[in-house]
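One structure is given here, and the rest of the page talks about it.
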Amino acid sequence: MRILVIGNGGREHALVWKLAQSPQVTEIFAAPGNGGMKGLASCVPCSATDVEGLLRLAEEKAIDLTVIGPEASLLAGVADAFEERGLAVFGPNRKAAQVEGSKRFAKELMQRYNIPTGSFQSFSDKGQALTYIRRHKAPMVIKADGLAAGKGVIVAHTTEEAENAVNTILDGSFGEAGKEILVEEYLMGQEISLMAFVDGEIVVPMVPAQDHKPVFDGDQGANTGGMGAYSPVPQIPDTVIQQAITDILQPMARGMVQEGLDYRGVLYAGLMITQEGPKVIEFNARFGDPETQVILPRMKTDLIEILTRVSQGDLAEVSIQWREEACVSVVMAVKGYPGAYQVGDPLTLPPDERDRILFHAGTRYHAGKWETAGGRVLGVTALGTDLQTARQKAYQTVEKVGFPQGHYRKDIGVKGLISD
């Protein structure tokens, strides 16, 4: 099979890496891809949201299946265009992807189908939002309604912080994504990411992972797209994971069918494990980043089998086998991220070793040397017999990366060590 992977981040590198292991896959193209995919995929300079360019590429290269990585591609209607052209594609159409594209849309869907989540109010008028905030006690969570690359969520611990968040978002810091905001109940507990392959009402869950969104150790600082992840999440009992599948993922899939949404792809539930049980923080319509980088290395089953079945509407008989090992991925980012930063700094990279992988995101190979080309640069990933071993391997590899201007969290996976 000839495969096209759309996107250029660490998630897409992990997808390419996993797909390249399949005996069914003969050739992989990535659009636009990144330098780390060299040797696994042919990278084509086509934007992930250039619908016509992607269609031409798929037809010219006789692609058998296109796998959509980023949410921006889904909301640009890439899946819709491929389906209209009769081309096999993995990823939900634009209408179904609104579960990620609009937080208000997702919240209202959850309300209709009794899916546990925090209470909320939506506002487009700044005065009304500020009045509401002053009548309610902090902490609370302020979110841009649309896509903001994981950075449009502000946890406000005081009324002043909440007011500043409202002003920041509604004054245009996030463009169209911030024309409307949600003010949400602050949920207490541990966060986990639970992804599932979905084909209509059929839900096949993956193993859980825990992401680390704040930029600094101890969950301090601004939210990012994710500073690292690990899987499994031993401190969360299997019974709680099963409850999340039964009370959240399955009802959401059924609800989308009832709403006339033809959802085929990955449904990602960002969950807070509260004292009352799991509650939804957000839904995403694609593989998580960096969660994919710790889940795919644990997957024994041939990924292309699953993706093909989802794209054909034939997921019913699929069962996924998983490795027992733990996996940890530490994101190395440029200084300043998620705020303003510069690119073009030199990188020295160690070779991949057994059970240790460098998933590239914001890198570029230029004039025979590696250099930074984005905010999140690398996902330094390792497998181990247990979480402690995987962490040690990942951080040992981090030390081998020559990246003087780099920043990374030193506590990825620590929460899981308590009960590992």
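UniProt numbering puts the first residue of the sequence shown at 1, with every later residue one more than the last.
Glycine included, C-beta positions come from ideal geometry on N, C-alpha and C.
Within 9 Å, strictly: CB atoms of residue i and residue j
| i | j | result |
| --- | --- | --- |
| R376 | G10 | yes |
| A156 | I142 | yes |
| A88 | T49 | no |
| V78 | L19 | no |
| V166 | K126 | yes |
| P237 | A209 | no |
| P290 | D211 | yes |
| V328 | A390 | yes |
| M227 | I295 | no |
| T381 | R354 | no |
| T301 | I320 | yes |
| L383 | R323 | yes |
| A97 | A285 | yes |
| R134 | T159 | yes |
| A138 | A162 | yes |
| V318 | V204 | yes |
| N164 | P251 | no |
| G225 | K213 | yes |
CB-CB length for residue i against residue j, believed under 8 Å
| i | j | result |
| --- | --- | --- |
| M272 | G189 | 5 Å |
| V343 | G265 | Rounded, the Cβ-Cβ distance is 31 Å, inconsistent with contact. |
| P92 | Y263 | 5 Å |
| K179 | S124 | 6 Å |
| A229 | Q293 | 7 Å |
| C43 | A58 | That pair is no contact at about 15 Å. |
| P116 | G277 | 7 Å |
| D386 | D217 | 22 Å between Cβ atoms; not a contact. |
| L358 | F403 | So it is not a contact: roughly 11 Å between Cβ atoms. |
| F174 | G152 | 5 Å |
| E259 | L109 | 7 Å |
| I202 | L315 | 5 Å |
| Q24 | I304 | 5 Å |
| S122 | I181 | 7 Å |
| G378 | A367 | Here residue 378 turns out to be Leu, not Gly, going by the sequence shown. Actually they do not touch by this definition, with Cβ atoms about 20 Å apart. |
Three-state class that DSSP yields for residue i in the structure shown
| i | result |
| --- | --- |
| P278 | strand |
| L109 | helix |
| R309 | helix |
| F82 | helix |
| V318 | coil |
| R2 | strand |
| D302 | coil |
| H72 | Just to set this straight, residue 72 is Ala in the shown sequence, not His. Here A72 sits in helix by DSSP. |
| L187 | coil |
| A326 | strand |
| V207 | coil |
| L170 | helix |
| L87 | coil |
| A196 | strand |
Own chain residues within Cβ distance below 7 Å of residue i, not counting five before or after
| i | result |
| --- | --- |
| T274 | L187, M188, G189 |
| I418 | Q235 |
| R364 | G35, E371, A373 |
| R112 | G255 |
| residue 426 | Limits of the chain in this structure are 1 at one end and 420 at the other, which puts residue 426 out of reach. |
| L261 | K95, A96 |
Same chain, Cβ closer than 8 Å to residue i, five either side skipped, listed in chain order
| i | result |
| --- | --- |
| K400 | P350 |
| K393 | V328, D355, R356, A382, L383, G384 |
| A62 | R2 |
| A177 | A144, D145, G146, L147, A148, G152 |
Cut-off 6 Å between Cβ atoms - residues of its own chain near residue i, not counting five sequence neighbours on either side
| i | result |
| --- | --- |
| D64 | M1, R2 |
| D80 | N93, R94 |
| G406 | M332 |
| V5 | E12, L15, V16, A30, V67 |
| S22 | D302, I304 |
| A106 | V99, F283 |
**Prompt:** In the segment 214 to 297, which residue ranges form an unbroken alpha helix (DSSP H) of at least 4 residues, counting only runs that do not cross its ends?
**Reply:** Every alpha helix (DSSP H) stretch that sits fully inside the segment 214 to 297 and reaches 4 residues is listed by chain position as 238 to 244, 250 to 258, 292 to 295.
**Item:** Start-end ranges of the beta strand (DSSP E) lying completely within the segment 127 to 165, minimum 3 residues
**Value:** If we require 3 residues or more, the beta strand (DSSP E) runs fully inside the segment 127 to 165 come out as 140 to 144, 153 to 156.
**Message:** Quick check on the DSSP output: what are the complete alpha helix (DSSP H) runs of length 4 or more inside the segment 330 to 408, in order along the chain?
**Reply:** Listed in chain order, they are 387 to 400.
**Asked** Which ranges does the beta strand (DSSP E) cover as unbroken runs of at least 3 residues, wholly within the segment 8 to 66, from first to last along the chain?
**Response** Qualifying beta strand (DSSP E) stretches, in chain order: 27 to 32.
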